[in-house]
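Visitor: A single structure is presented below for examination.
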Amino acid sequence: PLGTSFIDVIPPWSAYKTIIESVEIGEGITGISNFLFRDHTVLERIHFPKTLQSVGNCAFLDCKALKQIHFADGCNAKLGGLAFSGCTTLEEVELPIGITANNGVFMGCTSLKKATVSGVGKNMFAGCTALTEVIYQDGATTFGNSPFAGMKYGGINYESCKAIAKVWIPESLTEWGNAFDDEMLERITFEGPGKANFFFAEDGSIYNKDKNELYYAGSGASGTVIIPSTLAVLKPYAFANRTQIKKVIF
């Protein structure tokens with residue numbers, strides 16, 4: 182179970198945090214407490230069992246040698262806030278269907294290049310400045326709310342994921358959400374069968390495939406947005422921070 186009552190518990194292996202290189206959580210374990218493996222400076226590999234239901238806040242914070250995270254098939258754990266934040270050697274993560282995440286799970290993982298996800302949390306990848314490829318797995322339904330946005334935490338500014346160049350969309354994903362800002366959209370190539378669920382207009386606007394819902398208002402070079410007659414719904418954030426828009430034509 183998770184809770185603040187676990188924050189001050191000193192695990193019996195804390196004296197070995199500069200020695201332990203691999204952790205395998207045994208089958209039958211359902212929860213990992215907050216801060217349990219924080220600052221294990223040589224920890225490289227972690228295996229989670231199918232029975233795991235939760236990983237506590239900051240459980241593996243600043244495990245700077247961590248290279249590999251593996252979840253057993255069928256694991257449906259929820260990852261706590263900042264669970265793997267500051268794991269600066271981690272280059273790739275694959276979170277199976279059923280894994281969900283709180284805020285800032287991989288914040289400050291500056292070497293992370295590729296992420297395979299289904300459920301995402303807010304600011305989940307803040308400060309992941311090397312992230313170039315994101316794969317949403319079949320079963321994911323939305324891009325989520327600001328998973329790649331930057332944030333300020335503990336007096337430190339964590340940048341947004343400006344390097345993302347490729348995003349895979351599964352057939353199951355039909356909700357745009359609020360995941361990508363203007364700079365990201367300028368360089369991202371969207372691929373996958375789910376791309377057909379959206380209509381990408383020449384002016385940069387993004388609609389659902391029937392063009393009756395507007396997710397993102399582009400403006401092209403002219404600063405003008407032309408709204409099709411089919412439009413019925415303006416989704417949240419469709420015009421948020423769109424300061425270059427000069428004219429909207431319905």
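431 is the number that the numbering used here gives the last residue of the sequence shown; the numbers go up by one with no jumps. All C-beta atoms in this analysis are idealised placements derived from N, C-alpha and C, irrespective of residue type, glycine included. All values derive from a computational prediction rather than experimental measurement.
Decide if residue 352 is buried, meaning its Cβ has at least 16 other Cβ atoms within 10 Å, or exposed.
Guide: So residue 352 counts as exposed.
Visitor: Can you give the beta carbon distance from residue 357 to residue 316, rounded, assuming they're within the 8 Å contact cut?
Guide: No, residue 357 and residue 316 are not in contact; Cβ-Cβ is about 17 Å, not under 8 Å.
Visitor: Please tell me whether residue 230 and residue 253 are closer than 8 Å, where the distance is taken between their beta carbons.
Guide: Cβ distance < 8 Å, so residue 230 and residue 253 count as in contact.
Visitor: Going by C-alpha distance, which of 376, 362, 259, 242 is nearest residue 327?
Guide: Closest option to residue 327, Cα to Cα, is 362.
Visitor: Taking the CB atoms as reference points, tell me whether residue 263 and residue 239 lie closer together than 8 Å.
Guide: The answer is yes: Cβ separation under 8 Å.
Visitor: If residue 347 sits next to residue 297, beta carbons under 8 Å apart, how far is it from one beta carbon to the other, in whole angstroms?
Guide: Rounded, the Cβ-Cβ distance is 12 Å, inconsistent with contact.
Visitor: Run through DSSP, which three-state label would residue 416 get?
Guide: In this structure, residue 416 counts as coil in the three-state DSSP scheme.
Visitor: Since residue 368 is in the alpha helix (DSSP H), which residue starts that stretch and which ends it?
Guide: From DSSP, the alpha helix (DSSP H) with residue 368 extends over 363 to 368.
Visitor: Quick one: what does DSSP say residue 257 is sitting in, helix, strand or coil?
Guide: Coil, per DSSP.
Visitor: Are the CB atoms of residue 412 and residue 393 within a distance shorter than 8 Å?
Guide: Cβ atoms of residue 393 and residue 412: closer than 8 Å.
Visitor: Over the uninterrupted beta strand (DSSP E) stretch that includes residue 395, give me the two end residues.
Guide: First-last of the beta strand (DSSP E) with residue 395: 394 to 397.
Visitor: Spatial neighbours of residue 243 within its chain, please: C-beta separation below 7 Å, excluding the five flanking residues on both sides.
Guide: These residues qualify, in order along the chain: 219, 220, 267.
Visitor: Can you give, in chain order, each stretch of the beta strand (DSSP E) that sits fully within the segment 281 to 317 and has at least 3 residues?
Guide: Segments of the beta strand (DSSP E) lying fully in the segment 281 to 317: 295 to 298, 314 to 317.
Visitor: Which of the three DSSP states, helix, strand or coil, is assigned to residue 378?
Guide: The answer is helix: DSSP assigns residue 378 an H, G or I state.
Visitor: If you draw a straight line from the alpha carbon of residue 213 to that of residue 421, how long is it in whole angstroms?
Guide: Each residue's alpha carbon lies about 39 Å from the other.
Visitor: Check this for me: beta carbons of residue 309 and residue 279, under 8 Å apart or not?
Guide: No.
Visitor: Pull up the DSSP beta-bridge partners for residue 355, would you.
Guide: According to DSSP, which records beta bridges pairwise, residue 355 is partnered with nothing at all.
Visitor: Could you pull the start and end residues of the beta strand (DSSP E) that residue 249 belongs to?
Guide: Here the beta strand (DSSP E) through residue 249 covers 249 to 252.
Visitor: Using a 10 Å radius around the Cβ and a threshold of 16 neighbouring Cβ atoms, would you call residue 196 buried or exposed?
Guide: Classification for residue 196: exposed.
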